[in-house]
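J.: The structure follows.
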Amino acid sequence: MWKLILFIPAFLSSQVLAASAERDWGIGAGIEARARQDVNPEYVESRALPQVFAQYRRYWPWAVTLEAGYERMDSSSGGFTINSESYILSAWARHEFARRLHLSPYVSAGLGMQFDRIHAKFRNASTDRTGRSGLMGMGVGVAHMFEKWVLMEAEARGLANEDRKDISFVAVLRLGVVL
Amino acid sequence: MQSIIYRRHGLQNIMRLISSTLLFLSLCGCAGSLTGECGDKFILLWNGEFREVQVTTLASPYELRGAAAEIYYNAPIRYEGYTGRVARPKLSRTGDGVCVPLDVNSSMALTVYAQFERIYEFDRRHGFHQNISWPRKVGIEINLSATPDIRFNNAHYFSLLDVIAVVPYTQSGLPLAVNGGVLAHEHAHAHFQSLVITPMNRLIRGRQPYVRPSLKPVIEDLENSNLDSPAGLNNFVIRSWNEGFADFYASVFQKTSDLFSDSFPHVDRDLSGRLRPFKSLPGHLGPTQMEGVNETTLRRRMRDSSYDEGTILARLLYHISIDHPKGAEGLLKHVLDRLKDIPNILADDYYTRVFAYEDIVPLVLDGFEITKFGCAALEQTVSAEMMARSFSQCGN
Chain A
1135 MWKLILFIPA FLSSQVLAAS AERDWGIGAG IEARARQDVN PEYVESRALP
1185 QVFAQYRRYW PWAVTLEAGY ERMDSSSGGF TINSESYILS AWARHEFARR
1235 LHLSPYVSAG LGMQFDRIHA KFRNASTDRT GRSGLMGMGV GVAHMFEKWV
1285 LMEAEARGLA NEDRKDISFV AVLRLGVVL
Chain B
571 MQSIIYRRHG LQNIMRLISS TLLFLSLCGC AGSLTGECGD KFILLWNGEF
621 REVQVTTLAS PYELRGAAAE IYYNAPIRYE GYTGRVARPK LSRTGDGVCV
671 PLDVNSSMAL TVYAQFERIY EFDRRHGFHQ NISWPRKVGI EINLSATPDI
721 RFNNAHYFSL LDVIAVVPYT QSGLPLAVNG GVLAHEHAHA HFQSLVITPM
771 NRLIRGRQPY VRPSLKPVIE DLENSNLDSP AGLNNFVIRS WNEGFADFYA
821 SVFQKTSDLF SDSFPHVDRD LSGRLRPFKS LPGHLGPTQM EGVNETTLRR
871 RMRDSSYDEG TILARLLYHI SIDHPKGAEG LLKHVLDRLK DIPNILADDY
921 YTRVFAYEDI VPLVLDGFEI TKFGCAALEQ TVSAEMMARS FSQCGN
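Sequence lines, in order, name chains A and B.
Sequential numbering of the first sequence, starting at 1135, is according to the numbering used here.
Sequential numbering of the second sequence, starting at 571, is according to the numbering used here.
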């Protein structure tokens, strides 16, 4: 039911979008520096994560960015190890305050999911599990386009993960091309 | 008019962006999980295997504070105890609502809490919980400024702070933080502290300052005690009783005789191991043995000796409980009841007589029926004089 309710307006809107003529796509890659609470919440853990993105714009000043990120954590103590991988998919809507041929500041808001694969091992015992959690965030950034096809963006975000109960602070740098 | 059109277009655009975002999420098949969170079941390394473990006394799985314990990770210790906030594990939720720690530190912190929840239930079931305060405060991966044998591969109970510290584990076996036997052993020191050391220290404090340079109660101060005095030597004897009781408590709680081999394969503290007679402290540390040995070495030998003698005490209690109708839990309950009387019995002699390691045996077994198997264990450990004096029923 949930999915049906979500799908109908999305389908209708995609029909409207299909009728439009003026649009552009951008794709590229980025690096995300994420600072979040450690297991001891007095300390901050920082990580750098790679990401790829696709961006669609039709009605300036609005745009949508889809992002896919990846994180790997390997940890151990004695003979006990846990290797976890996370795939992070998110969709971000943004409102830009100036055309991108200029330095264009924007605000963004997004939702996403983190899909985790966890492999834990101790001696002959092991377990493989998958899990997931929701993400939501808001950010501010600045975009600039060079030569009408090279896109460069920098963004700062606050990101909440429903299974962390804290806010991660994220800095994203993206480089892409406009198609 | 243009303004109205612009606004209408703007609203439509916002709706399109929102619906596209929702479409993306619905295609992921995951929108339904955005309202969920971890429950009370976790996949943890539990007694050497990965199991689903339920934890019921945490208000939130994202903050390790509950009725049983407060868990601190890599936290500083001050004179008031651990400072800072309790540990917050990183978790991932599986489709059936069970949560899995994303890294070893999170897993260890959660496992320590889960173990202390079992200890809390165990103590409550037997009425032991009234001896000490709850929730217990436990730190893992605690960095101490001390010698390597204290800083690594060890766990400590700090009596003045009433906290447990598990320090980093650098060997290849089971980390101490997920070794239930080690945690129960350290927890048992809090019982011994409450029943024996604190009351005894209160009884003798009129004759010696309570706090030495090490900021420990006199009875616990192995580093500064006077080795030429009965009191100084008695501290090592009392330490051996403390260690022996802690091993026995942990073995009853864990229902195993082998508490430490998963973490320390070369340490021989299996309680089902060979019994041998208790040593006699004054003879063991006679002047001839002290000659040519510097004081630091001597203290280390005596401390090692108190662990060895503690193992003998724990093995004796374990063997006595093996075929006893009251079982190991019955004997543990009896021992805990009897420990309360030890300060009154021994405080007067603390400064004048060196206790024997075996002195505690008749005190804790007083009133407990010994089986034939138990008598055989006693005969292998205590002196003939003590057998005749305190365990005459074994001769019949």
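Here a beta-carbon is modelled for each residue, glycine too, at the ideal position from N, C-alpha and C.
In this text, all values refer to a predicted model and were calculated from it rather than measured experimentally.
Taking the alpha carbon of A/Arg1206 as the reference point, which residue from A/Glu1219, A/Thr1199, A/Trp1196 and A/Gly1212 has its own alpha carbon closest?
T.: By 1-based counting over the first sequence, the position of residue 1206 of chain A is 72. The closest CA to that of A/Arg1206, considering only A/Glu1219, A/Thr1199, A/Trp1196 and A/Gly1212, is found on A/Glu1219.
J.: B/Phe620 CB to nearest chain C CB: under 7 angstroms?
T.: In the structure shown, chain C cannot be found, because the protein chains are A and B.
J.: What does a CB cutoff of less than 7 angstroms around A/Asn1217 pick up in its chain, not counting 5 residues either side in sequence?
T.: Taking the first sequence and counting its residues from 1, the one referred to as residue 1217 of chain A is at position 83. Contacts found: Asp1208 and His1253.
J.: Is B/Glu939 helix, strand or coil by DSSP?
T.: As a working note, residue 939 of chain B is residue 369 in the second sequence. Coil at B/Glu939, not helix or strand.
J.: Within 7 angstroms of any Cβ in chain A, is that where the Cβ of B/Cys600 sits?
T.: Mapped onto the second sequence, residue 600 of chain B falls at position 30. Note that B/Cys600 has pLDDT 46, beneath the 50 cutoff, so the model's placement of it is unreliable and no number is given.
J.: Taking C-beta pairs closer than 7 angstroms, name the residues in chain B that A/Thr1199 reaches, listed in chain order.
T.: In the first sequence, counting from the first residue as 1, residue 1199 of chain A sits at position 65. Within 7 angstroms Cβ-Cβ: nothing; A/Thr1199 doesn't reach chain B, min ~10 angstroms.
J.: When the distance is taken between beta carbons, is A/Gly1273 closer than 7 angstroms to A/Ile1161?
T.: Numbered from 1 along the first sequence, position 27 holds the residue referred to as residue 1161 of chain A. Numbered from 1 along the first sequence, position 139 holds the residue referred to as residue 1273 of chain A. It is not a contact, given that the beta carbons lie outside the stated cut-off.
J.: Nearest chain B C-beta to A/Phe1231 closer than 7 angstroms, yes or no?
T.: Here residue 1231 of chain A refers to the residue found at position 97 of the first sequence. So no, A/Phe1231 is outside the interface.
J.: Between the region 818-827 of chain B and the region 883-897 of chain B, can you find at least three pairs of beta-carbon atoms closer than 8 angstroms?
T.: yes
J.: Check whether chain B comes within 7 angstroms of A/Ala1155, counting only Cβ atoms and requiring the distance to be less than that.
T.: Along the first sequence, one-based indexing puts residue 1155 of chain A at 21. The predicted model places A/Ala1155 with a pLDDT of 36, which falls under 50 and marks its position as unreliable, so this point remains unresolved.
J.: Within a Cβ cutoff of 6 angstroms, which residues of the same chain sit near B/Leu628, ignoring the five residues on either side of it in sequence?
T.: Position 58 of the second sequence, counted from the start, is the residue given in the question as residue 628 of chain B. Taken in chain order, the residues that qualify are Gly636.
J.: Consider the Cβ of A/Ala1169: report whether some Cβ of chain B lies at a distance smaller than 7 angstroms.
T.: Taking the first residue of the first sequence as position 1, residue 1169 of chain A is located at position 35. No, because no Cβ of chain B sits closer than 7 angstroms to the Cβ of A/Ala1169.
J.: Taking Cβ-Cβ distances shorter than 9 angstroms, what residues in chain A pair up with B/Ile985?
T.: Chain B is shown from 571 up to 966; residue 985 of chain B falls before or after that span and cannot be answered.
J.: Looking at chain A, which residues of the region 661-673 of chain B have a Cβ within less than 9 angstroms of any of its Cβ atoms?
T.: Leu661, Ser662, Arg663, Thr664, Gly665, Val668, Cys669, Val670, Pro671, Leu672 and Asp673
J.: CB B/Ser810 to CB B/Glu879, shorter than 7 angstroms?
T.: Here the question's residue 810 of chain B lines up with position 240 in the second sequence. Here the question's residue 879 of chain B lines up with position 309 in the second sequence. Cβ distance < 7 angstroms, so B/Ser810 and B/Glu879 count as in contact.
J.: Output, in chain order, the set of chain B residues within a Cβ distance shorter than 8 angstroms of A/Ile1216.
T.: Locating residue 1216 of chain A in the first sequence gives position 82, where the first residue counts as 1. The answer, in chain order, is Pro671, Leu672, Asp673, Val674 and Ser677.
J.: With a CB to CB cut of under 6 angstroms and the five nearest residues on each side skipped, what residues in its chain are close to B/Ala645?
T.: Stepping through the second sequence from its first residue, residue 645 of chain B is reached at position 75. For B/Ala645, where only same-chain residues beyond five positions count, the Cβ hits under 6 angstroms are Tyr652, Gly654 and Gly709.
J.: Measure the Cβ-Cβ separation of A/Ala1227 and A/Ala1243 and say whether it is below 7 angstroms.
T.: By 1-based counting over the first sequence, the position of residue 1227 of chain A is 93. By 1-based counting over the first sequence, the position of residue 1243 of chain A is 109. Yes.
J.: Using beta carbons (cut-off 7 angstroms, strictly below), is A/Val1304 in contact with chain B?
T.: For this step, residue 1304 of chain A is matched to residue 170 along the first sequence. With 7 angstroms as the cut-off, A/Val1304 does not count as an interface residue toward chain B.
J.: Let me confirm a value: A/Glu1156 is counted as buried when at least 16 other C-beta atoms fall within 10 Å, else exposed. Which label applies?
T.: As a position in the first sequence, residue 1156 of chain A is number 22, starting the count at 1. Annotation note: pLDDT 48 at A/Glu1156 (below 50); position unreliable, coordinate value reported separately. So A/Glu1156 counts as exposed.
J.: Between B/Gly733 and B/Ala684, is the Cβ-Cβ spacing less than 7 angstroms?
T.: Within the second sequence, the letter at position 163 stands for residue 733 of chain B. Within the second sequence, the letter at position 114 stands for residue 684 of chain B. Here residue 733 of chain B is Val; the residue named in the question, Gly, does not match the sequence. Not a contact, by the Cβ cut-off of 7 angstroms.
J.: Counting only Cβ pairs nearer than 8 angstroms, list the residues of chain B close to A/Met1207.
T.: As a first step, residue 1207 of chain A is located in the first sequence; it is residue number 73 there, counting from the start. Neighbours of A/Met1207 on chain B, chain order: Leu672 and Asp673.
J.: Taking only three categories from DSSP, how would you classify A/Ala1259?
T.: Against the first sequence, residue 1259 of chain A aligns to sequence position 125. Assigned with DSSP and collapsed to three states, A/Ala1259 falls in strand.
J.: Which stretch, first to last residue, makes up the beta strand (DSSP E) that contains A/Asp1208?
T.: Locating residue 1208 of chain A in the first sequence gives position 74, where the first residue counts as 1. It spans Trp1196 to Ser1211 - the beta strand (DSSP E) in which A/Asp1208 sits, taken as one unbroken run.
J.: By the DSSP assignment, the beta strand (DSSP E) with B/Tyr727 in it spans what residues?
T.: For the purposes of this step, residue 727 of chain B is identified with residue 157 of the second sequence, where counting begins at 1. Bounds of the beta strand (DSSP E) holding B/Tyr727 are Ala725 to Phe728.
J.: How long is the line joining the alpha carbons of B/Pro659 and B/Cys669, rounded to whole angstroms?
T.: Translated into the one-based positions of the second sequence, residue 659 of chain B becomes position 89. Translated into the one-based positions of the second sequence, residue 669 of chain B becomes position 99. Roughly 11 angstroms separates the two Cα atoms.
J.: Alpha carbon to alpha carbon, what distance is there between A/Glu1179 and B/Asn841?
T.: On the second sequence, position 271 is the one that residue 841 of chain B refers to. On the first sequence, position 45 is the one that residue 1179 of chain A refers to. In the sequence under discussion, the amino acid at residue 841 of chain B is Leu, which differs from the Asn named in the question. Rounded to the nearest angstrom, the two C-alpha atoms are 42 angstroms apart.
J.: Flag A/Met1135 as yes if its beta-carbon sits less than 7 angstroms from any beta-carbon of chain B, otherwise no.
T.: Numbered from 1 along the first sequence, position 1 holds the residue referred to as residue 1135 of chain A. Because the pLDDT of A/Met1135 is 40, which lies under 50, any placement of that residue in the model is unreliable, and the number read from its coordinates should be weighed accordingly. Output row for A/Met1135: interface = no.
J.: Cα separation between B/Pro783 and B/His761?
T.: Taking the second sequence and counting its residues from 1, the one referred to as residue 783 of chain B is at position 213. Taking the second sequence and counting its residues from 1, the one referred to as residue 761 of chain B is at position 191. The pLDDT assigned to B/Pro783 is 46, lower than 50, so where the model puts this residue is not dependable, and the model offers no usable value.
J.: Less than 8 angstroms between the CB atoms is what I'm expecting for A/Met1247 and A/Arg1266, so what's the real figure, rounded?
T.: The residue labelled residue 1247 of chain A in the question sits at position 113 within the first sequence. The residue labelled residue 1266 of chain A in the question sits at position 132 within the first sequence. Rounded, the Cβ-Cβ distance is 6 angstroms, consistent with contact.
J.: Got a sec? Which residues, its chain only, sit under 6 angstroms from A/Leu1200 by beta carbon, not counting five neighbours each side?
T.: In the first sequence, counting from the first residue as 1, residue 1200 of chain A sits at position 66. For A/Leu1200, where only same-chain residues beyond five positions count, the Cβ hits under 6 angstroms are Ala1188 and Ala1225.
J.: Are the C-beta atoms of A/Val1295 and some chain B residue less than 7 angstroms apart?
T.: Locating residue 1295 of chain A in the first sequence gives position 161, where the first residue counts as 1. Before going on, a small fix: residue 1295 of chain A reads as Asn here, not Val. It does not; no Cβ of chain B falls within 7 angstroms.
J.: Classify A/Glu1296 as helix, strand or coil using the three-state DSSP reduction.
T.: Within the first sequence, numbered from 1, the residue matching residue 1296 of chain A stands at position 162. Three-state result, A/Glu1296: coil.
J.: Going by CA-CA distance only, name the one from B/His757, B/Cys945 and B/Ser799 that's closest to B/Val924.
T.: Taking the first residue of the second sequence as 1, we reach residue 924 of chain B at position 354. Per the Cα distances, B/Ser799.
J.: Using the rule of at least 16 other Cβ atoms within 10 Å of the residue's Cβ for burial, across every protein chain shown, is A/Arg1181 buried or exposed?
T.: In the first sequence, residue 1181 of chain A corresponds to position 47, counting from 1. Flag for A/Arg1181 reads exposed.
J.: What did DSSP end up calling B/Gly965 once you bin it into helix, strand or coil?
T.: As a working mapping, residue 965 of chain B is identified with position 395 in the second sequence. Residue state, collapsed to three classes: helix.
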